[in-house]
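The sequence shown begins at 1 in this note's numbering and counts up one residue at a time.
Working notes, structure below.
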Amino acid sequence: MQLCLPIETECFIPVDDSVRLLDQVLEEIDYKKLYLAYSSKGRNPAVAPKTLFKILVYANAQGIYGSREIERACRMNLAFRWLLQGQDAPDHNTISRFRKERLSNCIEDLFTQLVQVLSKLGEVPFTNLFVDGTKIEANANKYTFVWKKASQKNEVKLQEKTRAFFLEKLGNPELPEYITASFMEEVRSAWIEEARKSDVTFVHGIGKQKSQLQRDIETVNEFATRQAKYEYNNTQFRERNSFSKTDPDATFMHLKEDHMRNSQLKPAYNVQVAVESEYIVGVDISAKRNDVHTLIPFLDRIRMNYGRNFENLVADAGYESEENYHYLEEQGITPYIKPSNYEYSKTRKFQRDMEFRLAMTYSPEQDTYLCKEGRTLSFHSIKTRTSTNGYRSQAKLYQCESCEGCPHLGKCYKGKYAKKLEVGEQFDLYRAQSMKNITSEEGIKLRVNRSIQAEGVFGVTKQNYGFTRFLTRGEPNVRTEYLLLALGFNLNKLHSRIQNGRIGQALFTVSAAA
């Protein structure tokens, strides 16, 4: 008979293994907020919260995301056993509850602390912030969409139908302008009480004759149910045009992973990531489909977490707007944002299309433009736009007195009347400065690094880590899920840079990047 003894896992984990580095770095973090999520009364948890957090971070670093897969790894994988330090392996329910109930209120604080540890190591200098976004599919059914226009259209029809019904049944009452589901329920309750006092018997089934009062009560009940559904929809839409029934925080978006090539909309989240020195330093989850509206709340979140701004912001054309430029100017951040027409401006088609616009001469004294044929475009009016955040941008409109007889009519202007020119002076100044920044030697270097570092994060997490779809539902849980991934990514990146002797290297050189 052979005797089997417990074997110490310490000797099986290499000295330079990533799990040892992970354990060492995560020991530098203060877990006070995590322990506040537990009650001080009762017995201690079977697995220490700090240990469970390390296990989840290491699992994400290894591309293991499901609670059952993590449970299996804790039982079978030596690295996970080493992290447990003799504690019992947690079951999948413990892992799932910990991720959803304990981490949601402190995960961002833990992530911020890790970045600050990296900063103390000289890895994150808080200088250049590379921002990019991607859309990741939500854990929601494909065909559970609710569209804002359809919902509002049907609600208007229901309101009209309900109003006509009440006017008929109640005579000429003072109905509210907007008939709510609660108002309908009050009328229904009053009619039920009336039926009780009148000894009206409610009947059901085939061949039974319902009284008029019973039919009216059932009609109001149907209206109230439908109205309650529309009122719920209105609370979920917020600034969106759609949401999913199975995950109301998810919005229907076009994804790059469109294998059927039919531009099918899927429930998804817009994930925003900020990177410096190849490390993820900020994560935001947005329901907005357009990146341009996500930048300001994202940068506010980063400033709140670290108590400081980065010196430079490097982003692609999807983030360009006058509002964003104005915000960066107020915050003292230098913009390196590619203009939305940057690539198009280098084509021959752009030169042809802009031939007549570029040939115009501006007279600041008279506030007029002189076209190629010597005709004057005078100031006409000011056009004001207000963004969803309340920012007001203005553009001047100039109009030519007459384009009749112009030899370029049809090329310069294809309308029926006289040519109009819209000029956003403030936006043009912001764009010109950003264009100057990105075309400088430093700007070229930063743009190359944005492609490598920010876009590289999504390439690694999707292709290498296999993270292409969220497992949890609801924005708080989705945020926790991606921050865990970011923690694992950062610790893997630190280990890789140590192994390759790249500690302290914040930027790739242009020649090396090419």
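Cβ atoms here follow ideal geometry from the backbone N, Cα and C, with glycine treated the same way.
Residue i to residue j span [Cα, whole Å]
i: G332; j: V156; result: 47 Å
i: D316; j: W82; result: 43 Å
i: G439; j: P339; result: The residue asked about is misnamed: residue 439 is Thr in this sequence, not Gly. Cα-Cα distance, rounded: 11 Å.
i: C106; j: F508; result: 33 Å
i: A48; j: L36; result: 13 Å
i: F427; j: G318; result: 15 Å
i: D16; j: Y465; result: 21 Å
i: V220; j: F183; result: 10 Å
i: K41; j: P476; result: 27 Å
i: A506; j: E278; result: 7 Å
i: K256; j: A140; result: 18 Å
i: I70; j: G63; result: 10 Å
i: E222; j: L56; result: 47 Å
i: Q264; j: N233; result: 22 Å
i: K50; j: E28; result: 11 Å
i: T201; j: E160; result: 30 Å
i: I179; j: R308; result: 49 Å
i: F467; j: V283; result: 15 Å
i: E322; j: Q433; result: 12 Å
i: H204; j: N389; result: 54 Å
i: Y327; j: G443; result: 20 Å
i: R188; j: G207; result: 25 Å
i: F350; j: C74; result: 59 Å
i: P173; j: L167; result: 7 Å
i: R540; j: L485; result: Limits of the chain in this structure are 1 at one end and 514 at the other, which puts residue 540 out of reach.
i: G171; j: R163; result: 11 Å
i: R72; j: S104; result: 24 Å
i: K175; j: K245; result: Lys is not the amino acid found at residue 175; the sequence shown has Leu there. About 32 Å.
i: G410; j: E329; result: 40 Å
Cβ shell of residue i (< 7 Å), same chain only, five flanking positions each side left out
i: T384; result: R392 and Q394
i: E425; result: K396
i: Q236; result: F243 and P248
i: N492; result: S18 and A61
Contact check, residue i vs residue j, beta carbons under 9 Å
i: N60; j: L487; result: yes
i: F310; j: F126; result: yes
i: K288; j: E239; result: yes
i: V478; j: I285; result: yes
i: P297; j: T144; result: no
i: S211; j: W147; result: no
i: Y325; j: R447; result: no
i: L84; j: Y31; result: no
i: R352; j: L421; result: no
i: R68; j: E481; result: no
i: L22; j: R102; result: no
i: S363; j: L370; result: yes
i: K54; j: L78; result: no
i: L52; j: T94; result: yes
i: L563; j: A190; result: What is shown of the chain runs 1 to 514, which leaves residue 563 out entirely.
i: V281; j: E320; result: no
i: R473; j: A138; result: yes
i: K515; j: V510; result: Residue coverage of the chain in this structure runs from 1 to 514, which leaves residue 515 outside it and unanswerable.
Beta-carbon separation (whole angstroms), residue i vs residue j, contact threshold 8 Å
i: L483; j: E123; result: Actually they are not in contact, since the Cβ atoms of L483 and E123 sit about 18 Å apart, beyond 8 Å.
i: Y342; j: L313; result: The Cβ separation is near 16 Å, so there is no contact.
i: L158; j: R215; result: Not quite, the Cβ-Cβ distance comes to about 18 Å (not below 8 Å), so this is no contact.
i: Y65; j: L471; result: 6 Å
i: T251; j: Q272; result: With a Cβ gap of about 14 Å, T251 and Q272 do not count as contacting.
i: N305; j: T461; result: Contact flag wrong, Cβ pair sits at about 21 Å.
i: E516; j: A181; result: Limits of the chain in this structure are 1 at one end and 514 at the other, which puts residue 516 out of reach.
i: L118; j: N490; result: 7 Å
i: T368; j: S378; result: 5 Å
i: T334; j: N437; result: 7 Å
Own chain, CB closer than 6 Å to residue i, minus 5 neighbours either side, in chain order
i: F521; result: In the structure as shown, the chain starts at 1 and stops at 514, and residue 521 therefore has no counterpart that could be examined.
i: F130; result: V275, V314, R450, Q453 and A454
i: M253; result: K135, A268 and R289
i: S18; result: H495
i: Q152; result: none
i: A418; result: Q399, C400, S402 and C403
i: N44; result: none
Sequence-distant residues of its chain with Cβ nearer than 8 Å to residue i (five each side left out)
i: E373; result: C406, P407 and H408
i: I13; result: V19, R20, L78, A79 and W82
i: S96; result: S67
i: L3; result: With a pLDDT of only 49 at L3, under 50, the local geometry of the prediction cannot be trusted, and the value read off the model is given with reservation. Cβ neighbours of L3 beyond the five flanking positions: none.
i: R301; result: G282 and D284
Cross-strand partners of residue i (DSSP beta bridge)
i: S381; result: L397
i: F252; result: P267
i: I286; result: Here residue 286 turns out to be Ser, not Ile, going by the sequence shown. DSSP lists N270 as partners of S286.
i: F237; result: In the DSSP output, where bridge partners are listed per residue, F237 has none listed.
i: I280; result: V275
i: F130; result: V275 and V314
i: I337; result: A315
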